[in-house]
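*Asks:* Going line by line, the protein sequences match chains R and L. Take 107 as the starting number for the first sequence in this note's numbering and just add one per residue. Take 107 as the starting number for the second sequence in this note's numbering and just add one per residue. Virtual Cβ for every residue (Gly too), placed ideally from N, Cα, C. Got a structure for you, written out below as structure tokens; questions coming shortly.
2 protein chains.
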Amino acid sequence: MGILVFDDVEELDFVGPWEVFGVAGRIFPGSFSLDLLSVRAAKVRARYGLSIDGATALHDAGYLDVLVVPGGAGARQVMKDSSLLAEIRSRHRAGTLVASVCTGALVLAAAGLLEGNRATTHWTALDELRSFPGVHVEHERVIDLGQVVTSAGISSGIDMALHLVARFLGPERAEEVAHRMEYEPWASLSAGKRSARDVP
Amino acid sequence: MGILVFDDVEELDFVGPWEVFGVAGRIFPGSFSLDLLSVRAAKVRARYGLSIDGATALHDAGYLDVLVVPGGAGARQVMKDSSLLAEIRSRHRAGTLVASVCTGALVLAAAGLLEGNRATTHWTALDELRSFPGVHVEHERVIDLGQVVTSAGISSGIDMALHLVARFLGPERAEEVAHRMEYEPWASLSAGKRSARDVP
Chain R
107 MGILVFDDVE
117 ELDFVGPWEV
127 FGVAGRIFPG
137 SFSLDLLSVR
147 AAKVRARYGL
157 SIDGATALHD
167 AGYLDVLVVP
177 GGAGARQVMK
187 DSSLLAEIRS
197 RHRAGTLVAS
207 VCTGALVLAA
217 AGLLEGNRAT
227 THWTALDELR
237 SFPGVHVEHE
247 RVIDLGQVVT
257 SAGISSGIDM
267 ALHLVARFLG
277 PERAEEVAHR
287 MEYEPWASLS
297 AGKRSARDVP
Chain L
107 MGILVFDDVE
117 ELDFVGPWEV
127 FGVAGRIFPG
137 SFSLDLLSVR
147 AAKVRARYGL
157 SIDGATALHD
167 AGYLDVLVVP
177 GGAGARQVMK
187 DSSLLAEIRS
197 RHRAGTLVAS
207 VCTGALVLAA
217 AGLLEGNRAT
227 THWTALDELR
237 SFPGVHVEHE
247 RVIDLGQVVT
257 SAGISSGIDM
267 ALHLVARFLG
277 PERAEEVAHR
287 MEYEPWASLS
297 AGKRSARDVP
């Protein structure tokens with residue numbers, strides 16, 4: 107499982123899922139292992155100045171079961187990077203589940219993964235996402251289409267990741283991860299919506 | 107405002123407040139500026155492998171209005187570092203508000219800041235915090251004693267930081283930061299508890 111970072115990535119967008127999969131991998135050994143991936147450079151500077159080191163370039167990474175694409179101001183540059191978009195597209199074709207947080211959905215749209223699909227993003231970017239032809243934009247916390255998952259703004263990445271833990275390991279284990287993180291909102295958010303969000 | 111990091115810090119413990127104060131500083135210019143601080147080294151490796159660069163050693167930092175002490179497995183080492191504890195104590199005496207997330211409360215307790223006070227921590231560490239003489243441990247989301255603030259586990263750091271934004275800039279601006287982060291739980295968490303959590 108890989109999480110992409112880039113200059114001006116929004117800190118919580120990528121650390122939310124990083125924490126969820128990190129906790130899950132620790133309390134359920136062998137369940138998840140995490141790779142920090144970058145567009146090119148090993149070092150990136152996130153939006154509020156956090157300097158992250160040691161990322162592997164996406165094109166050097168092996169097969170990924172899941173690729174998380176976060177958002178932030180820097181997503182506007184990433185969505186114009188045609189070689190990165192081609193890489194995301196080819197990994198998706200090869201079977202990787204691609205999941206976005208926040209304006210990471212714009213990157214997925216630019217890569218063509220959302221055409222003809224329902225998708226969500228940060229509330230300030232809903233109209234921008236609507237400008238991509240064939241994308242049916244709704245403002246939900248998490249929209250799961252099976253091999254493409256989008257989530258709403260910033261903190262929603264935590265819910266998206268817990269949703270994936272529930273999909274892969276079952277809802278009881280997702281509850282356990284949320285409890286370990288003391289992310290109690292998950293219980294109330296998921297109770298009402300789990301059936302609607304689950305894929306068939 | 108400074109946020110302390112150290113080897114094996116829990117990622118979301120420090121990035122939650124980092125994000126809240128980062129968003130607040132961006133949408134309310136001049137309100138908050140963030141410094142990443144370390145015990146000694148500029149580079150730290152967080153618990154799930156995130157490698158963070160460019161931190162300033164705490165003893166080289168100027169006066170701080172707020173010092174956030176996160177938790178994680180590494181807090182067990184930090185709480186034994188007597189020169190760091192002395193530094194935290196002297197900054198607190200000089201007027202710095204010291205706020206913990208998760209097992210960061212153990213560091214505050216080891217520094218003597220919680221003696222005779224109510225305090226909270228991660229649910230797995232409540233008994234360990236009780237072992238410090240004179241600390242009245244309760245499991246609440248945020249306990250604000252004015253110049254010392256403790257919060258519960260991991261994701262609670264987001265609430266603690268929003269609580270401080272409410273204290274410094276007013277509850278409407280904290281709501282605005284939460285809305286920008288799509289951290290809607292804040293609305294429901296704070297509505298019922300704000301009066302109980304506010305300091306006089």
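What do you reckon, are the CB atoms on Glu278(R) and Ile133(R) nearer than 8 Å?
*Replies:* no
*Asks:* When you compare only the Cα positions, how much space is there between Leu142(L) and His198(L)?
*Replies:* 18 Å
*Asks:* Whose C-alpha, out of Arg247(L), Gly240(L), Ala217(L), is nearest the C-alpha of Thr226(L)?
*Replies:* Arg247(L)
*Asks:* Which first and last residues belong to the alpha helix (DSSP H) in which Ile133(R) is found?
*Replies:* 117-133
*Asks:* Report yes or no: do three or more beta-carbon pairs, one from the region 187-204 of chain L and one from the region 123-131 of chain L, lie closer than 8 Å?
*Replies:* Because the criterion of three Cβ pairs below 8 Å is not met, the region 187-204 of chain L and the region 123-131 of chain L do not touch.
*Asks:* Output the distance between the C-alpha atoms of Ala284(L) and Leu268(L), rounded to the nearest integer angstrom.
*Replies:* Answer to the nearest angstrom: the Cα atoms are 7 Å apart.
*Asks:* Taking only beta carbons into account, state which residues of the region 154-186 of chain L come closer than 9 Å to chain R, listed in chain order.
*Replies:* Tyr154, Gly155, Leu156, Ser157, Ile158, Asp159, Gly160, Ala161
*Asks:* Would Glu117(L) count as contacting chain R if we go by Cβ distances under 8 Å?
*Replies:* yes
*Asks:* Could you have a look at Ala205(R) and say whether DSSP puts it in helix, strand or coil?
*Replies:* strand
*Asks:* Does Ser144(L) come out as helix, strand or coil in the three-state DSSP assignment?
*Replies:* Three-state DSSP puts Ser144(L) in a strand.
*Asks:* Taking the Cβ atom as the reference point for each residue, do Leu220(R) and Val207(R) lie within a distance shorter than 8 Å?
*Replies:* no
*Asks:* Using only alpha-carbon positions, find the residue among Leu214(L), Thr230(L), Asp187(L), Ala167(L) that is nearest to His245(L).
*Replies:* Thr230(L)
*Asks:* Please report the Cβ distance between Gly178(L) and Glu116(L), rounded to the nearest whole angstrom; I am assuming they are in contact, meaning their Cβ atoms lie under 8 Å.
*Replies:* 3 Å
*Asks:* Helix, strand or coil, according to DSSP, for Phe112(L) in the structure here?
*Replies:* coil
*Asks:* Counting contacts by CB-CB distance shorter than 8 Å, is Met107(R) in contact with chain L?
*Replies:* no
*Asks:* Have a look at Phe120(L) and Gly263(R) and give me their C-alpha separation to the nearest angstrom.
*Replies:* 16 Å
*Asks:* Note the first and the last residue of the continuous alpha helix (DSSP H) segment covering Asp233(L).
*Replies:* 232-236
*Asks:* Relative to the alpha-carbon of Ala192(R), which residue among Gly210(R), Leu214(R), Val174(R) has its alpha-carbon at the smallest distance?
*Replies:* The shortest Cα separation from Ala192(R) among Gly210(R), Leu214(R), Val174(R) belongs to Leu214(R).
*Asks:* Assign Asp250(R) to one of three DSSP states: helix, strand, or coil.
*Replies:* strand
*Asks:* Would you say Val150(L) faces chain R, with C-beta separation under 8 Å as the test?
*Replies:* no
*Asks:* Going by DSSP, name the residue or residues bridged to His242(L).
*Replies:* Bridge partners of His242(L): Arg224(L).
*Asks:* Is the distance from the Cβ of Gly252(R) to the Cβ of Leu170(R) below 8 Å?
*Replies:* no
*Asks:* Once you ignore the five residues that flank Leu235(R) on each side, which residues in its own chain have a CB closer than 7 Å to its CB?
*Replies:* Ala211, Leu212, Ala215, Ala225, Thr227, Val241, Val243
*Asks:* Is the separation between the beta-carbon of Asp159(L) and that of Asp159(R) shorter than 8 Å?
*Replies:* yes
*Asks:* Which runs of the alpha helix (DSSP H) at least 4 residues long sit entirely within the region 141-196 of chain L? Give them in chain order.
*Replies:* Fully enclosed alpha helix (DSSP H) runs of 4 or longer: 181-184.
*Asks:* Quick one: give me the first and last residue of the alpha helix (DSSP H) that Gly259(L) is part of.
*Replies:* No alpha helix (DSSP H) contains Gly259(L), which DSSP labels as neither H nor E.
*Asks:* Cβ of Val184(L) within 8 Å of Cβ of Phe274(L)?
*Replies:* no
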